[in-house]
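J.: Going by numbering that gives the first Met the number 0, the first residue of the sequence shown is number 0, and it counts up by one from there.
C-beta: ideal position from N, C-alpha, C; glycine also.
Supplied in structure tokens, the structure appears directly below.
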Amino acid sequence: MTATQLTSENERTVVDAVPKQLLIGGSWRDAEGGRTLDVEDPSTGTPLASVADASPADAMRALDAAVAAQASWAAHPPRERGEILRRAFEQIVARSDELALLMTLEMGKPLSESKAEVTYAAEFFRWFSEEAVRIEGRFAVAPNGAGRMLVTKQPVGPCLLITPWNFPMAMGTRKIGPAVAAGCTMVVKPASQTPLSMLALARILEDSGLPDGVLNLITTSSSGKAMGPLIADRRARKLSFTGSTEVGRKLMEQGSQQLLRLSMELGGNAPFLVFDDADLDAAVEGAVLAKMRNIGEACTAANRFHVAGPVAGEFSERLAEKLGAMKVGRGTEDGVQVGPLIDATQRGKVADLVTDAIGRGAKAVVGGQAREGAGYFYNPTVLADVPGDAKLLKEEIFGPVAPVASFDDEAAAIAAANDTEYGLVAYVFTRDIKRALRVSEALETGMVGLNQGIVSNAAAPFGGIKHSGFGREGGREGINEYLETKYIAINL
Ligand code: NAP
């Protein structure tokens, strides 16, 4: 590994403080053969740290540890499971500045956004610390009056949790929180590009009193080879995956061998609808949030703007003015609002989509090119008059690019919004309450942001339909993904 480019003592301290080994059965250990993988700073393209690079045998040891701990963890009092999560919530909040810095270094987003993610991530632990003691069943008289019916909930068993790089901590806590609350043990595998936040989180859970073997963490450069045998192992009872639809589909196929229980939080292609009766100030503000949060690298990112014909021009101009004024730079610098994309591949994909749209007749109102120099920066971009056949209306952009297309009437807006295989979230801006509800109900998505550009909330069920997957994280629904329902028929 070449010399790191950490620019301050503070940065070095937070990176050095993170454990870099695998956590298996309560002990931190090197990967087989001492192999390591480099983690890069996307703002400079230089290595930041090295972490253990687990082999398939290491991964299997992690599953062995989760299986060994399952029975005693399931018997652990729910109140204590909840209190472990509560302590972890408090520690995350107390250490949010250093955790945010760590996240910015490995993922690139501006510090203020990392801070927001750390808070959001902690909220899942607070929420599920409260849910741990509310796992309920029921007792009923059978309809024939003769028997009794007892319905109870039990933990699913050892879980495999796989998370992406774009929200390195929150995508973990919204799986780990309900798994801990329900009494499940787990093997967690974060994305190889951003393992540091998850490693820090594992240490916090350890310090909060999570028993050995409940959470096992592996980092690896060969996720398919390491996780494949675990997915095929009948001792694993559940796979919860957040990532691309393409990989999700592959994992579903693998999981079908042993009918593994699945939760799939996959890609999105969110439409953002602005009707001519909308408050345009609110719509532009919501658009900036829905598009630019996380540098556009969010499954919930507004991917395409469908705007009523009479206001489309003004909307594009105003959005371009806001995006064009955003400061691009290393996420640690003061006032930066747009960090680098995660890597060269992602930046190349964004550039290709923009070139395709312009080639088909779209106009760049602002931006339209990558930034010169080190790091994977792409300038915030607004494209107007985007034709229906442009690729970026169909594919997840995952970058700071806002394509605007106009529509004639409500039916055309709904048809355009639903013209995608994805179905995670949609945004609707209108002041007409009847239209708001009519359109929200007609949209083929798991979530709708009504006159607001963000939907994420630990107390709400997050998830999609169609190719955005299935299962819900957060809310009252989140814990059910980690529970089985058992019915006991009682003969009196
Ligand atoms: P990805 O390439 O699908 O990877 C996601 C995770 O799966 C990473 O940990 C990755 O590890 C791992 N992985 C890849 N191939 C695997 C395999 N064959 N077996 C086991 N694990 C494997 O997605 P990404 O690029 O990291 O994340 C971006 C995607 O996530 C976008 O499509 C976004 O929309 C989606 N996302 C969805 C939600 C939601 O809640 N719906 C939330 C956030 C993100 P390595 O990268 O280390 O190989």
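Is the closest heavy atom of the ligand NAP to the C-beta of GLN192 under 7 Å?
T.: Mapped onto the sequence shown, residue 192 falls at position 193. Correct: GLN192 has its Cβ closer than 7 Å to the ligand NAP.
J.: Would you list the one or two residues that DSSP bridges to PRO154?
T.: In the sequence shown, the residue the question calls residue 154 occupies position 155. Answer is LEU482, bridged to PRO154.
J.: Quick one: what's ALA369 bridged to in DSSP?
T.: The sequence position of residue 369 within the sequence shown is 370, counting from 1. For ALA369, which the question treats as bridged, DSSP gives the partners TYR377.
J.: Quick check: does the Cβ of THR241 come within less than 7 Å of any heavy atom belonging to the ligand NAP?
T.: For the purposes of this step, residue 241 is taken as residue 242 along the sequence shown, with counting starting at 1. Yes.
J.: Three-state secondary structure (DSSP) at VAL213?
T.: Numbered from its first residue, the sequence shown carries residue 213 at position 214. Here VAL213 sits in coil by DSSP.
J.: Under the assumption that ALA319 contacts ALA269 (Cβ atoms under 8 Å), give the Cβ distance between them as a whole number of angstroms.
T.: Working through the sequence shown from its first residue, we reach residue 319 at position 320. Working through the sequence shown from its first residue, we reach residue 269 at position 270. Contact doesn't hold; Cβ gap of about 20 Å is too wide.
J.: Span of the alpha helix (DSSP H) holding VAL132?
T.: The residue you call residue 132 lines up with position 133 of the sequence shown. Neither: VAL132 is in no alpha helix (DSSP H) and is coded neither H nor E.
J.: Quick one: any contact between the stretch 222-229 and the stretch 194-207, if contact means 3 or more CB pairs under 8 Å?
T.: Short answer: they don't touch.
J.: For VAL349 and GLN192, I'd like the C-alpha separation in whole angstroms.
T.: Within the sequence shown, residue 349 is the residue found at index 350, counting from 1. Within the sequence shown, residue 192 is the residue found at index 193, counting from 1. Answer to the nearest angstrom: the Cα atoms are 19 Å apart.
J.: Since PRO460 and GLY448 are thought to touch, with beta carbons under 8 Å apart, how far apart are those beta carbons, to the nearest angstrom?
T.: Against the sequence shown, residue 460 aligns to sequence position 461. Against the sequence shown, residue 448 aligns to sequence position 449. The Cβ separation is near 14 Å, so there is no contact.
J.: According to DSSP, what are the bridge partners of GLY146?
T.: As a position in the sequence shown, residue 146 is number 147, starting the count at 1. Bridge partners of GLY146: ASN490.
J.: Taking Cβ positions, are GLY515 and LEU265 nearer each other than 8 Å?
T.: Absent from the structure is residue 515, since the part of the chain shown begins at 0 and ends at 491.
J.: Determine the direct distance from the alpha carbon of MET446 to that of GLU332, and round the result to whole angstroms.
T.: By one-based count along the sequence shown, residue 332 stands at place 333. By one-based count along the sequence shown, residue 446 stands at place 447. The straight-line gap from Cα to Cα measures roughly 34 Å.
J.: Taking the alpha-carbon positions, what's the TYR426 to ASN302 distance?
T.: Sequence index remark: in the sequence shown, residue 426 carries index 427 (1-based). Sequence index remark: in the sequence shown, residue 302 carries index 303 (1-based). Cα to Cα, TYR426 sits roughly 10 Å from ASN302.
J.: Just to check my reading of the structure: LEU62 and ARG234 have Cβ atoms closer than 8 Å, yes? What is that Cβ distance to the nearest angstrom?
T.: By 1-based counting over the sequence shown, the position of residue 62 is 63. By 1-based counting over the sequence shown, the position of residue 234 is 235. The pair is a contact, with the Cβ atoms about 7 Å apart (cut-off 8 Å).
J.: Regarding CYS158 and the ligand NAP, is the C-beta to nearest heavy atom distance less than 7 Å?
T.: In the sequence shown, counting from the first residue as 1, residue 158 sits at position 159. Every heavy atom of the ligand NAP is 7 Å or more from the Cβ of CYS158, so no.
J.: Using the rule of at least 16 other Cβ atoms within 10 Å of the residue's Cβ for burial, across every protein chain shown, is GLU296 buried or exposed?
T.: Here residue 296 is taken as the residue at index 297 of the sequence shown, counted from 1. GLU296 should be labelled buried.
J.: If we ignore side chains and look at the alpha-carbon of each, how far apart do LEU491 and GLY144 end up?
T.: Here residue 491 corresponds to residue number 492 of the sequence shown, with the count starting at 1. Here residue 144 corresponds to residue number 145 of the sequence shown, with the count starting at 1. When rounded, the distance between both Cα atoms is 10 Å.
J.: Quick one: what's got a C-beta closer than 6 Å to LEU100's C-beta in the same chain, skipping five residues either side?
T.: Sequence index remark: in the sequence shown, residue 100 carries index 101 (1-based). Counting only Cβ-Cβ distances below 6 Å, and skipping sequence neighbours, we find VAL13.
J.: Which of the three DSSP states is assigned to SER439 in this structure?
T.: Locating residue 439 in the sequence shown gives position 440, counting from the first residue. SER439 falls in the helix class under three-state DSSP.
J.: Residue range of the beta strand (DSSP E) that ILE23 falls in?
T.: In the sequence shown, residue 23 corresponds to position 24, counting from 1. Where ILE23 is concerned, the enclosing beta strand (DSSP E) stretches over 21-23.
J.: Quick one: what does DSSP say ALA2 is sitting in, helix, strand or coil?
T.: In the sequence shown, counting from the first residue as 1, residue 2 sits at position 3. In this prediction, ALA2 has a pLDDT of 39, which is less than 50 and means its spatial position is unreliable; what the coordinates show is noted afterwards. Three-state DSSP puts ALA2 in coil, outside helix and strand.
J.: Please tell me whether, using a cut-off of 7 Å, the distance from the CB of LYS188 to the nearest non-hydrogen atom of the ligand NAP is below it.
T.: By one-based count along the sequence shown, residue 188 stands at place 189. Correct: LYS188 has its Cβ closer than 7 Å to the ligand NAP.
J.: Taking the beta carbon of LEU391 as the centre, do at least 16 other beta carbons fall within 10 Å, making it buried, or is it exposed?
T.: Looking up residue 391 in the sequence shown gives position 392. With 16 or more Cβ atoms within 10 Å of its Cβ, LEU391 is classed as buried.
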